[in-house]
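Per this note's numbering, residue 3 is the first one in the sequence shown, and the count goes up by one each step. Cβ coordinates follow ideal geometry from the N, Cα and C atoms, glycine included. What follows is a set of notes on a single structure, which appears directly below.
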Amino acid sequence: MADNKNNSERNVPPLRFPEFSGEWKKCTIGGLTIKVGSGVTPRGGEAVYKTEGHPFVRSQNVGLGHLLLDDIAYIDEDTHQRQKNTELQLDDVLLNITGASIGRSAIVTKEIVRGNVNQHVCIIRTKDNLVSSFLCNFLLSNYGQKQIDSFQAGGNRQGLNFEQIKSIKIAIPTVNEQSKIAQLLQLVEERIATQNKIIEDLKKLKSAISESLFKSIKGDTFVLSEICDIVKGKQVNGEYLSEIGEYYVMNGGTEPSGYYNEYNVKANTISISEGGNSCGYVQFNKFPFWSGGHCYSLQNIPDTVDNLYLYHYLKSKENVIMKLRIGSGLPNIQKKDLAMFKAIIPPIDQQITISTFLSSLERKVEIEERIQNAMLKEKQYLLHQMFI
């Protein structure tokens with residue numbers, strides 16, 4: 003790669019393949035495309051979706067450079083014919099144009115060719131002088147996203163219209179250079195997808211092993227209140243939380259709600275979400291943290307119970323714990339119900355053997371997730387450095 007930071011040519015990216023030279027040409031998407039348009043939701047909505055037929059792409063199927071086809075819908079031939087002008091072709095660029103996922107972009111692959119899109123997804127079909135995968139990556143880069151953001155009044159990401167999309171400024175090199183950039187980013191994207199699969203398979207393996215182990219385990223049965231104190235946290239006003247800090251705050255979700263300058267729970271403690279959509283979520287906290295008003299922590303566990311064993315046991319029963327929730331608006335788990343949750347406790351040496359093995363699998367997942375994060379950062383770096 004050539005570093006062009008000190009290059010006297012203005013219209014070149016900071017990072018470039020060394021065999022290419024010359025300035026990039028400033029254009030707009032409208033001047034480089036033959037189609038910019040979206041579809042419609044069929045009359046009847048989800049009621050007309052089928053289990054097979056023509057793929058029907060919605061905004062949730064468009065990811066950041068890749069398609070998300072786990073919940074793809076289908077429409078029949080008659081419905082497809084009524085939307086013939088939105089029929090997808092190989093290598094079309096898809097761009098989400100409404101809602102929270104506005105700006106996400108992906109390329110049409112063979113799996114969805116001859117499919118259709120709804121009104122929340124825009125089809126962009128390029129001319130021969132613009133490589134579609136180059137355009138897709140440009141839209142995901144800082145340069146594309148900033149322009150998309152600029153169209154949203156007051157910073158509210160509400161919607162893009164076709165004229166705005168056509169007006170987006172893009173600088174392009176030769177088709178050969180576009181292709182090489184796109185190929186590099188495709189390799190990175192494929193490696194990220196492989197890493198996602200590695201992580202997914204490891205999690206499934208751990209889950210299957212946990213289920214098998216705890217289904218056959220022999221030991222004494224206790225309710226939680228017999229082997230620990232269930233302590234509800236203390237609420238901290240959001241104004242006192244920061245985005246960074248020494249102690250994270252767990253407050254009813256699966257991720258920290260912020261950071262605080264104090265902690266009220268020591269390291270190596272199990273927490274269980276008390277309220278919200280994720281109530282019942284089980285977490286092992288390796289560091290001191292602040293337990294908020296929608297978080298339970300399990301404290302004063304006796305020496306006869308291995309802390310990590312209890313964590314893995316409860317984690318394997320997470321779906322059962324989540325069923326303890328009551329209420330619909332803001333569901334929560336009552337302390338009295340959690341206190342009566344049963345756990346099988348074998349002899350301490352067996353507990354440690356089980357927890358050591360399952361913790362090693364969990365550490366492996368964490369290592370692979372760190373690798374994944376590094377790859378995502380690498381992709382963002384390339385998107386920032388290889389476009390203008």
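For the pair PHE216 and TYR249, the CB atoms are not nearer than the 8 Å cut-off. In this structure PHE58 is buried. Its beta-carbon is surrounded by 16 or more other beta-carbon atoms within 10 angstroms.
Take ASN178, set aside five residues on each side of it, and no residue of its chain has a beta-carbon closer than 6 Å to its own. Within the stretch 76-134, the complete beta strand (DSSP E) segments at least 3 residues long are 95-98, 107-109 and 123-128, listed from N- to C-terminus. Per the coordinates, the alpha-carbon of GLN185 lies some 12 Å from the alpha-carbon of LEU137. Contact annotation: the stretch 208-227 does not touch the stretch 258-265, with fewer than three C-beta pairs closer than 8 Å. Taking C-alpha positions only, SER361 is separated from GLU368 by approximately 10 Å.
Secondary structure of VAL177 (DSSP, three-state): helix.
Where THR355 is concerned, the enclosing alpha helix (DSSP H) starts and stops at 350-387.
Non-local C-beta neighbours of ILE229 in its own chain, meaning closer than 6 Å and more than five positions away in sequence, comprise VAL307, ordered along the chain. Inter-segment contact for the stretch 121-129 and the stretch 77-86 is absent: fewer than three beta-carbon pairs are separated by less than 8 Å. Shown here for VAL50: same chain residues with a beta carbon closer than 7 Å to its own, the five before and five after excluded, namely PRO44, ILE77 and THR81 in chain order. Restricting attention to ASN13, ASP231 and PHE140, the CA atom closest to the CA of GLN188 is found in PHE140. Note that the C-beta distance between ILE125 and GLY24 is not below 8 Å. Sequence-distant partners of THR271 (beyond 5 residues in either direction) whose C-beta falls short of 6 Å from its own C-beta, in its chain, are ASN287 and SER299. Contact between the stretch 200-209 and the stretch 369-386 is present, with at least three C-beta pairs closer than 8 Å. In the same chain as LEU34, and ignoring 5 residues on each side of it, the C-beta atoms closer than 8 Å to its own belong to THR128, LYS129, ASN131, LEU132, LEU137, ILE172 and ILE174, in chain order. Exposed is the label assigned to ARG365, since fewer than 16 other Cβ atoms lie within 10 Å of its Cβ. By DSSP's assignment, PRO57 forms a beta bridge with TYR76.
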